[in-house]
Structures are given as structure tokens and as C-alpha cells.
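In what follows, a structure is listed as C-alpha cells, so that the remarks can point back to it.
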Amino acid sequence: MSDTPVQTSATVLTVRQVQDYHAITLVAAAIAERFRPGQFVALAVGGAHSGRLVRRCFGVYEVKSDYGGTVELVFADTEPGTAWLAGLRSRDQVDLVGPLGRPFRLPRDPVTCLLVGGGPGGAALFALADTLLRRGCQVHFVLGGPNARQVFGSRMAQRIGDSATITTEDGSAGEKGAVRDVLPRVIRETGADVVYGCGPTALLRSVTQVAGEFGLPSQVSVEEFLQRTGACGIGVCMTCMLPLHGEDGVTRMVRACADGPVLRGDRVRWGDLGTIPFDALGAPRVLNVQEGAGK
Amino acid sequence: MSTSGRVATRIGTLELANPVMTASGCGGTGRELAPFFDLSRLGAFVTTSVMAQARAGRPTPRVAETPSGLLTAMGLPGPGIETFLEHELPWLLEQDVPIIVSVAGNSVEEYADIARRLRGVPGVAAIEVNVACPNVADRGLMFGRHPGAAASVVRAVRTHSRPGLPVLAKLAPDVTDIVTIALACVDAGADGLTLINTLEGMAIDPETLRPALTGVSGACRGPPSARSRSAASTRCTRPCPARRSSASAGSPPAWTRWSSSSRGRPPSRSAPPCSTTRPPRPACCASWRRPSPPAASPTSPTRSGSPTNPPGTSRPRCARSRRPPNRARPEK
């Protein structure tokens, strides 16, 4: 079967610095041929005898057919595990599982798509953009970040996209402000039919909200949430749970890795992320809650 | 398999082709592992502990990576026995591997109820009784910490499950004397013992000075925990007279590293008001105080995101620290 994930020992081709992030290219033919935009890979860090048992989950920036098939990931160096990854050299071996999770659902007709990204999460949108462009869709980008060095892929977006809007909080590139400020205007100008998002949770929340105001469907990849909370990537460990509002009106705790990372934005209960909402299925039933007892 | 004869294992009446089993919780529902290897190569598959009702478990973060291993605080998430029997077990039973159902509960009646529900299910190879659950009737003290309580749940499962179905007792390690509890479980009708449940651990985030886990303390997995497991096994198997037969579950497979649930506590029903809801602290952190909470939003009282006081750990130690009943040890 070609849609089942595989575990493989991948050879590092290159590790390089891109703006404030690192890009690592791995030779993993089996993963490259199975990959669909939106899916992610889970890497074991620290080597074979490491005490760091948590796998790091990263969205895939690009898949190429060189050397039988390569997978390129973009990540921020934020903790010892990613520092280990950034310190790898070519020909090192990394234990890799992928492709994992559900991919972005693609429109059947050539429609206008708005791709909204933030931080290193924006990298996962480029594989999606390639697929959408091949299907004849119009692709518009909105990328944001704190400063110019932390907006990944702004040049690439300008090159391949029909339009690209960049926002930075300090005004060092593009418009000064947050993604949320420009989204309504971009949606109006481009006439977008569908919104895709990938990046920090706060960004996804505002993407969903603005898309909802315009009555547009939104698909968001909660990859950043998965990176923070996930531990296995394959759905066994149950650590990346988030509350999702079901078709039947029942909120269930679902796994960001196995049931995501791509979710319908309007289904995610963004305000309750990181908690078990009291009305979720299986939520702890606390009896005798006294008013004002929290004082 | 040509080697199956040499590594074939027996636990009571349960015969396994080899001694490798998944630790409860570490195999998920089985479907997650199926893409990576053939489940029928296992000696047996142990399910995640199943309870009577669906449980969402604890809020995130549920996992904390430390240099000494992985800490997890899951809170026994699971779909409940109803959904388990309807959706998860039928798939597992098709996999040509003996299925051991791990059961958990908050009362003896809950264990008995689950055992009764499993009675009519053909194909279940054995039941594993996870005694590391808080007993609501005993103010949340873990069943597995007291020989009498552990024996009562094992006896309940034994009585209500199919006659002849092997019952294994999965023991908790953080106890005064695991041998006494093991003997009590064997006397209550356990055909085997599973050693051991996870060890208690805690990590403090040095930046926020708060516990790294929402559950405050969690289960320690990884290299140090594996060492203690083998130590506990040696300690326990020696004096155990094994009325029927007693066997440990074999060393956990390597991908036990991918961690999972099997431990946790529900919020105490009789939780004191929030102002006194402090997480339990190890003695070395006696002066540590939780920073005063931010101004509570109007919706906050109903949220379960706030750390609840894990029952059984915050109360005075002396309440249960009396010596376990004296028992003549065969070797002395």
C-alpha cells in the first residue's frame, strides 16, 4: 500500500541555515513517493542511545525526486532536540517515520486559494501551492512573522504565487502589523474561495475567524501545536489531544497527529486548546463546584 | 515460526507463541502499530486500560522530556467499554494475536462490571487488572497501594469473568512492599502478575517554576524506569509461592519508548476549594509555592484545565502508612 507510513533510516543530504531557521534535506525515497501536501514526518533526535525519546514532528517543505527521493524540512532551533538536528552533517543517519497524518483536502475545481502562513510553519504551504498550481488553481500567499528574518519563504511566495502579502510586526518587511489586519482586505481583493493555514495557533485561530466572517471554508494544519505537545506522531501516545467539535454537535478530544494535522478550522475549539472542555466527551465530571471557590 | 517452540510461554492457562507483549497503553488500539509490523508476530497484544465510561484524560501538556526519561500524565484516556467492544476489540480479534484486555476502574463494582461485559466476548485471551487506579470509595487512594484493596479488585474480576479465563494483576511499583500486594493478588485468584506499572516522577519547568505537566506529577518512562522494572521483577519473583503460576509479562518491547497512558487520576470529587488546591510537592520543594493564579475569567470555573489535586497524594502520609498485615515468608 502506498498510503501507509514507513519507518526508515534516512541519510542527511544537507543542513543549511535559511533566514532564522534551519532547512534539512533527507534522502528518504519511500516517504517522498508517499507524501501528500499537509502530511508531516516524525524524527527521532539525539542518536540511538539518547534519553530524548520524544519524536519531533515537522511539516514537509518540499519533496524532490533527486537521489531516489528527498524530503526537505524547515524548523526553528528552539530546544536541545532541534539543536541536535541543526548540528547534523551530510551523510549522518536519522530515524524517520512518515508521511503521517491527514493531508490538505484539495478543491476539485480550479478555484482561488489563499495560503496563510506564519513562522517556520509557512514552509508546509509550498508543497500545497505546487499541487494547487498544477491543478490550475490561483494561489495567493499571506505570510507573517515578527520580523523579516522570521517570515519563511517570502521570496519563493512572490515567485510562484499569483500574489504575496508579507506582514511583519516591526515593519522590516512588507506591511507593518499582523496577518489578521490584512486578511479581510486580501480576501476581498483576491476573491478567494478557500483559505488554507499553517503556523502558530493564534494565527490559525484568526485565519479561521476571518474566513468564517466571509463564509469561506478554512483548512488549517495544527503542526505547531503538534510540535509542542506531540511525542510519537503515529497516534499511540495520545499527548497531542485537542478539542474538536463534531458533526453531531459533540466535542471530542482528537489526536492532532492521527486525526490531523489538517483540520477544518471551524471545527477546532480554539479557545479551549490545551484544556479538556467541560462538555467534551469523557470530560471529568466535577461535582459540587462552588461559586467563587477560586478566590 | 520455527523458533516458536523454543520461546513459547505459558502464563497459567494462557499459552503464548513467544513472551513479547505490548505493555498496556503502549500499543494504542493496535491500528496505529499495524503499518509498522505484523501484530501477529507478538506473543500477545495488551490493550489500553478500558474503563466503564469514556474518558478524555488530562489536558495538555501530557508529556515532559527530561534527561532521566520521559514523564507522562495521561489520566487514563479511553473510549469506555461500550465503544471498545463495538469498534476496537473486533478489529483486534481479527489480527490473529492473543488479546489481553487491560481493565481499570474507580470502584470495585466498576471492575466487576467490565469483567462481566467481557464475559460474553469470545476471543479474549486474558484480562489484565490495572490496580494502579484511584479508589473513589477510599478517598482516591490507589487500589494497588494496599494488599486488601488490590485483592478485592482482582477477586471481583476473577468472580465475574469467564471461569478459566486467565487474570493477570498489573502491580504498581510505588508501594511499601510489593511482595505483600503480589501475594494478596495471587491469593485473590490472579493467574499471573504483570510487573510493573510506571514509576512516579515530576519535572519542574525552570523558567515558569511550575510543574512541566498539567497533571503535576507523572509516570516516568525510559532508561531509569526500565532499570527499576527489572529490579522489581527480581525482588518479587523470589518469595512469591505462585499458588497457580506466576509470571512477569516479559521485558517491555523496545518501542515501549513511544510511551502512553495507563496511569492517571481523575479529579477528586471531594476536591477542596481552589485556594487550597496545591499540587503535591516533594519534600525538597517544601518552600515552593504556586504563583497566585491570574485573574480568573468568567468561564474558568468550568474548565478542567486547572490542575486538580491528585487524590491520595496530598493527604497526610500517616493515613495509610501502617504496616501491611504480617505474612509468613517462605524463605525466612
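Keeping their order, the protein sequence lines are chains D and W. Counting from 1, position 102 in the first sequence corresponds to residue 91 in my numbering; the numbering is continuous, with no gaps. Counting from 1, position 246 in the second sequence corresponds to residue 252 in my numbering; the numbering is continuous, with no gaps. The beta carbon of each residue, even a glycine, is placed where N, CA and C say it ideally should be.
List the residues of chain D that residue i touches, going by C-beta distances under 7 Å, in chain order.
{"i": "GLU94 of chain W", "result": "Those do not exist, as GLU94 of chain W stays about 13 Å from chain D at its closest Cβ, beyond 7 Å."}
{"i": "PHE42 of chain W", "result": "GLN(-4)"}
For a contact defined as C-beta to C-beta under 9 Å, what are the partners of residue i on chain W?
{"i": "GLN82 of chain D", "result": "The contacting residues do not exist; GLN82 of chain D stays about 17 Å from chain W at best."}
Find the residues of chain D that neighbour residue i, judging by a C-beta separation of less than 8 Å, and give them in chain order.
{"i": "GLY63 of chain W", "result": "MET227, MET230, MET242, ILE265, GLY271"}
{"i": "GLN59 of chain W", "result": "GLY271"}
{"i": "CYS32 of chain W", "result": "VAL225"}
{"i": "GLY75 of chain W", "result": "GLY40, LEU42"}
{"i": "PRO83 of chain W", "result": "MET227, MET230, MET242, GLY271"}
From the DSSP output, in three-state form, read off residue i for me.
{"i": "ASP(-8) of chain D", "result": "coil"}
{"i": "PHE267 of chain D", "result": "coil"}
{"i": "PHE51 of chain W", "result": "strand"}
{"i": "VAL222 of chain W", "result": "coil"}
{"i": "ARG138 of chain D", "result": "helix"}
{"i": "SER167 of chain W", "result": "coil"}
{"i": "VAL257 of chain D", "result": "strand"}
{"i": "CYS187 of chain D", "result": "strand"}
{"i": "THR179 of chain D", "result": "helix"}
{"i": "HIS93 of chain W", "result": "helix"}
{"i": "GLU212 of chain D", "result": "helix"}
{"i": "THR228 of chain D", "result": "coil"}
{"i": "ARG145 of chain D", "result": "Sequence inspection shows Met at residue 145 of chain D; the Arg mentioned does not correspond to that position. Helix."}
{"i": "VAL171 of chain D", "result": "helix"}
{"i": "CYS191 of chain W", "result": "helix"}
{"i": "ARG45 of chain D", "result": "strand"}
{"i": "SER292 of chain D", "result": "Since the displayed chain D opens at -10 and closes at 284, residue 292 of chain D lies outside it and no answer follows."}
{"i": "ALA65 of chain D", "result": "coil"}
{"i": "ASP84 of chain D", "result": "strand"}
{"i": "GLU71 of chain W", "result": "strand"}
Is the closest heavy atom of the ligand SAM to the C-beta of residue i under 7 Å?
{"i": "ALA21 of chain D", "result": "As presented, the structure is devoid of all ligands, the ligand SAM included, so that no description of it is given."}
Inspect the beta-carbon positions of residue i and residue j and report whether they are closer than 8 Å.
{"i": "ALA113 of chain D", "j": "GLU212 of chain D", "result": "yes"}
{"i": "THR154 of chain D", "j": "THR101 of chain D", "result": "no"}
{"i": "LEU132 of chain D", "j": "GLY166 of chain D", "result": "no"}
{"i": "ALA118 of chain W", "j": "ALA162 of chain W", "result": "yes"}
{"i": "THR214 of chain W", "j": "LEU177 of chain W", "result": "no"}
{"i": "THR66 of chain W", "j": "THR218 of chain D", "result": "yes"}
{"i": "VAL60 of chain D", "j": "PHE24 of chain D", "result": "yes"}
{"i": "MET80 of chain W", "j": "ALA50 of chain W", "result": "no"}
{"i": "ARG241 of chain D", "j": "LEU252 of chain D", "result": "no"}
{"i": "GLY35 of chain D", "j": "GLY75 of chain W", "result": "no"}
{"i": "CYS226 of chain D", "j": "PHE214 of chain D", "result": "no"}
{"i": "VAL114 of chain W", "j": "VAL159 of chain W", "result": "yes"}
{"i": "ASN112 of chain W", "j": "PRO140 of chain W", "result": "yes"}
{"i": "VAL30 of chain D", "j": "ILE20 of chain D", "result": "yes"}
{"i": "ALA121 of chain W", "j": "VAL137 of chain W", "result": "no"}
Hey, does residue i have any beta-carbon neighbour from chain W nearer than 8 Å?
{"i": "ILE20 of chain D", "result": "no"}
{"i": "THR218 of chain D", "result": "yes"}
{"i": "THR190 of chain D", "result": "no"}
{"i": "THR0 of chain D", "result": "no"}
Drop a sphere of 10 angstroms on the beta-carbon of residue i, count the other beta-carbons inside from all chains shown, and report buried for 16 or more, exposed for fewer.
{"i": "PHE43 of chain W", "result": "exposed"}
{"i": "SER79 of chain D", "result": "exposed"}
{"i": "HIS11 of chain D", "result": "buried"}
{"i": "THR67 of chain D", "result": "exposed"}
{"i": "GLU92 of chain W", "result": "exposed"}
{"i": "ASN315 of chain W", "result": "Reliability of the predicted coordinates at ASN315 of chain W is poor, the pLDDT of 43 falling under 50, and the value obtained from them is presented with this limitation in mind. Result: buried."}
{"i": "PRO288 of chain W", "result": "Residue placement at PRO288 of chain W cannot be trusted, given a pLDDT of 40 that sits under 50; what the coordinates show is reported in the next sentence. Burial call: exposed."}
{"i": "SER302 of chain D", "result": "Outside the displayed range of chain D (-10 to 284) lies residue 302 of chain D, so it cannot be described from this structure."}
{"i": "VAL239 of chain D", "result": "exposed"}
{"i": "GLU38 of chain W", "result": "buried"}
{"i": "HIS129 of chain D", "result": "buried"}
{"i": "PRO26 of chain D", "result": "buried"}
{"i": "ARG177 of chain D", "result": "exposed"}
{"i": "ASP237 of chain D", "result": "exposed"}
Taking only beta-carbon positions, decide if residue i is within less than 8 Å of chain D.
{"i": "VAL69 of chain W", "result": "yes"}
{"i": "MET80 of chain W", "result": "yes"}
{"i": "THR66 of chain W", "result": "yes"}
{"i": "SER265 of chain W", "result": "With a pLDDT of 33 at SER265 of chain W, under the threshold of 50, the modelled position of this residue cannot be trusted; read the value that follows with caution. Yes - at least one Cβ of chain D is within 8 Å of the one on SER265 of chain W."}
Whose Cβ in chain W lies nearer than 8 Å to the Cβ of residue i?
{"i": "ALA247 of chain D", "result": "GLU38"}
Which residues in chain W have a C-beta closer than 7 Å to the C-beta of residue i? List them in chain order.
{"i": "THR(-7) of chain D", "result": "PRO41"}
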